[in-house]
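Undergrad:
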Amino acid sequence: MRHSFYEFFAGGGMARMGLGPGWKTLFANDFDPSKAAAYAENWGSEGLLVEDVAKVSTKDLPGEADLAWASFPCQDLSLAGAGRGLGGERSGTFWPFWRLIEGLSREGRPPKVIALENVYGAVRSHGGKDFAAIGEAMASAGYRYGALLIDAERFLPQSRLRLFIVGVLKDAAVPDGLQSQGPIEEWHPRPLREAVGVLGEEARNAWVWWHLPKPTHARPSLSDVIEDTPTGVEWDSADHTQYLLNLMSEVNLSKVHAALANGKRHVGTVYRRTRRDPGGGRVQRAEARFDGVAGCLRTPSGGSSRQTVLIVEDGHVRSRLLSPRETARLMGLPDDYRLPAKYNAAYHLTGDGVAVPVVRHLAASLFEPLLEAESRRTPPQALVEGHRDVAPVT
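For this note's numbering, count along the sequence shown from 1 and bump the result up by 25.
#1: So, at 8 angstroms on beta carbons, what are the nonlocal neighbours of P135 in its own chain, with the 5 sequence-adjacent residues on each side left out?
#2: Does R331 pass the burial test, meaning 16 or more other C-beta atoms within 10 Å, or should it be called exposed?
#3: Quick one: which unbroken beta strand (DSSP E) runs of 3-plus residues sit fully inside the segment 184 to 225? Chain order, please.
#4: Mapping DSSP to helix, strand and coil, what is F122?
#5: Taking all protein chains shown into account, do 16 or more other C-beta atoms lie within 10 angstroms of the C-beta of S344, making it buried, or fewer, making it exposed?
#6: Roughly how far, in whole angstroms, is the beta-carbon of K60 from the beta-carbon of R27, given that I think they are within contact range, below 8 angstroms?
#7: Just tell me which of L358, S348, L387 has its CA closest to the CA of E259.
#8: Which ranges does the beta strand (DSSP E) cover as unbroken runs of at least 3 residues, wholly within the segment 262 to 322, from first to last along the chain?
#9: If you draw a straight line from the alpha carbon of G225 to that of H282, how long is it in whole angstroms?
#10: Thinking C-beta only, is K137 closer than 8 angstroms to D201?
#11: Taking Cβ positions, are T333 and T375 nearer each other than 8 angstroms?
#12: Could you please give the first and the last residue of the uninterrupted alpha helix (DSSP H) stretch that includes W68?
#13: Once you ignore the five residues that flank K238 on each side, which residues in its own chain have a CB closer than 8 angstroms to its CB?
#14: Where does Y268 land, buried or exposed, given buried means 16+ other C-beta within 10 angstroms?
#15: Below 8 angstroms CB to CB, which residues in the same chain sit around R310 once its five sequence neighbours on both sides are set aside?
#16: Looking at C-alpha atoms only, which residue of Y372, G207, E338, G45 is the closest neighbour of R354?
#17: Classify G36: buried if its beta carbon has 16 or more other beta carbons within 10 angstroms, exposed otherwise.
#18: Does the beta-carbon of T266 have 16 or more other beta-carbons within 10 angstroms, so that it is buried, or is it exposed?
#19: Starting from the C-beta of R218, find all residues in its chain whose C-beta is less than 6 angstroms away, skip the five residues before and the five after it, and write them out in chain order.
#20: Evaluate E32 with the Cβ neighbour count: other Cβ atoms within 10 Å of its Cβ, from every protein chain shown; 16 or more gives buried, anything less gives exposed.
#21: So within the segment 362 to 410, which uninterrupted alpha helix (DSSP H) runs reach at least 4 residues, ignoring any that extend past its ends?
#22: Cα-Cα, which of E142, W234, A319, S400 is closest to P245?
#23: To which residues of the same chain is M163 closer than 6 angstroms at the C-beta, ignoring the five residues directly before and after it?
#24: In the DSSP assignment, find the unbroken alpha helix (DSSP H) run with E161 in it and report its ends.
#25: Please list the terminal residues of the continuous beta strand (DSSP E) segment that includes V250.
#26: Measuring CA to CA, which of A62, S279, G45 is closest to L364?
#27: Rounding to the nearest angstrom, what Cα-Cα distance links M39 and E227 in this structure?
#28: In terms of alpha-carbon separation, which member of F119, C321, V308, L270 lies closest to L158?
#29: If we ignore side chains and look at the alpha-carbon of each, how far apart do T254 and L358 end up?
#30: Could you tell me which of E312, V308, T256 sits nearest to L270, measuring between CA atoms?
#31: Along the beta strand (DSSP E) that carries L237, what are the first and last residues, could you check?
#32: Which one or two residues does DSSP pair with K137 in a beta bridge?
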């Protein structure tokens, strides 16, 4: 059975890739011309509308979609953001998207399943009020819904914790095993449980504790995605590498010394961050990790936001930026995925995306079972001699 979907804030189509060939795209939308160009390059332009979501109408949305996916912008909900929340210019685009969902409902063609993806900070934004507002919107539109916090590190060598809110029409069949009686620490850690605890009555009554199986595939290591001969980047000069080492605290520098003493090849990453010094001032620090996992990819708004690869081998330390292809691999994109030619455009595309295997796990473990259960429960309709009758299930 092939399912259909709308993909909002589509970027380069990573949700589409995660859903896989068993899904048909009815509509895709993004307002960023560079991302839309990458989408068209990989998937074709059929069904793609390059437009502000606020200017999209239900007339632009063909048919009846089984799923509406929306990875709406995270900037105003991020813990590193300015705290504007759903009232901000970027993350506030959730509301025009939601007006489309409400419009589809009025037209009698609501998506059976809705999936929202955003940063972990969305749980605590405005003291939980933004999370509650989304819950109220879900409940008032006739959806039961729940949320999961999933770290891409369970599937990929990248630490990337994201919030996934999944709603299903309230009268839909929910198979046994897809929900639990209460929270499960693995998918519903304390910040999420606290956010649920302060939901209003309507939103709380519509809440579901979704349950997913544990991922079973072995996770690749960071060294598996690093290019031997990187493309799109150059190795840093010895002076710049030393500059990074000089920015490290004793704790972080000891990690490099331990890797040097080991004598083996070690692949790590470095982020530059602003930290408090003992006197209360602010100082830039380089923080290294050699645990086989990269830090979370971020869009390149400045030099400090780009992640650096640190390779320790044969008594030497080398550094460089992650290559565009490496960032794509860290998101689960295959090597035949065509990236923008410009470095920043490629990094922006991947850094703003959703991890492909996380979407696949959600699709296989939740979306598809929900839709297939509903298909078995509701027999197809047939027109027989001018009358609309229920066709027998065969």
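Glycine is no exception: its CB is placed at the ideal position from the N, C-alpha and C atoms.
TA: Put simply:
#1: Here the set comprises I126, L129, A166, G167, L194.
#2: Answer is buried; the Cβ neighbour count reaches 16.
#3: With a minimum length of 3 residues, the continuous beta strand (DSSP E) runs that stay inside the segment 184 to 225 are 186 to 194.
#4: F122 falls in the helix class under three-state DSSP.
#5: Buried is the label assigned to S344, since at least 16 other Cβ atoms lie within 10 Å of its Cβ.
#6: That pair is no contact at about 26 angstroms.
#7: Checking every option, the nearest Cα to that of E259 belongs to S348.
#8: Here the runs fully enclosed are 291 to 301, 307 to 314.
#9: Note on geometry: alpha-carbon atoms of G225 and H282 lie some 53 angstroms from one another.
#10: No Cβ-Cβ contact shorter than 8 angstroms links D201 with K137.
#11: Between T333 and T375, the C-beta gap is not smaller than 8 angstroms, which leaves the two residues out of contact.
#12: Segment 58 to 68, the alpha helix (DSSP H) holding W68.
#13: Note that residue 238 is Pro in the sequence shown here, rather than Lys. Excluding sequence neighbours, P238 sits near S390.
#14: Burial state of Y268 is exposed, judged by a 10 Å Cβ sphere holding fewer than 16 other Cβ atoms.
#15: Taken in chain order, the residues that qualify are L272, M273, S274, N277, R297, R298, T299, R300.
#16: In this structure, Y372 is the residue among Y372, G207, E338, G45 with its C-alpha nearest to the C-alpha of R354.
#17: In this structure G36 is buried. Its beta-carbon is surrounded by 16 or more other beta-carbon atoms within 10 angstroms.
#18: By the neighbour-count rule (16 or more Cβ atoms within 10 Å), T266 is buried.
#19: Apart from sequence neighbours up to five positions away, the residues of its chain that approach R218 with a beta-carbon distance below 6 angstroms are P208, ordered along the chain.
#20: So E32 ends up on the buried side.
#21: Within the segment 362 to 410, the complete alpha helix (DSSP H) segments at least 4 residues long are 368 to 376, 381 to 387, 393 to 402, listed from N- to C-terminus.
#22: Ranking the options by Cα distance to P245, first place goes to A319.
#23: So the list reads Y170, G192, once near-sequence residues are dropped.
#24: Element bounds for E161: 154 to 165.
#25: Here V250 belongs to no beta strand (DSSP E); instead the alpha helix (DSSP H) covers 247 to 250.
#26: Nearest option by C-alpha distance: A62.
#27: Looking at the backbone, the Cα of M39 and that of E227 are separated by about 33 angstroms.
#28: It is Ala, not Leu, that sits at residue 158 in the sequence shown. Out of F119, C321, V308, L270, F119 has the C-alpha closest to the C-alpha of A158.
#29: When rounded, the separation of the alpha-carbon atoms in T254 and L358 is 19 angstroms.
#30: For the set E312, V308, T256, the Cα lying nearest the Cα of L270 is the one of E312.
#31: For L237, there is no enclosing beta strand (DSSP E), as DSSP marks it with neither H nor E.
#32: Bridge partners of K137: none, in fact.
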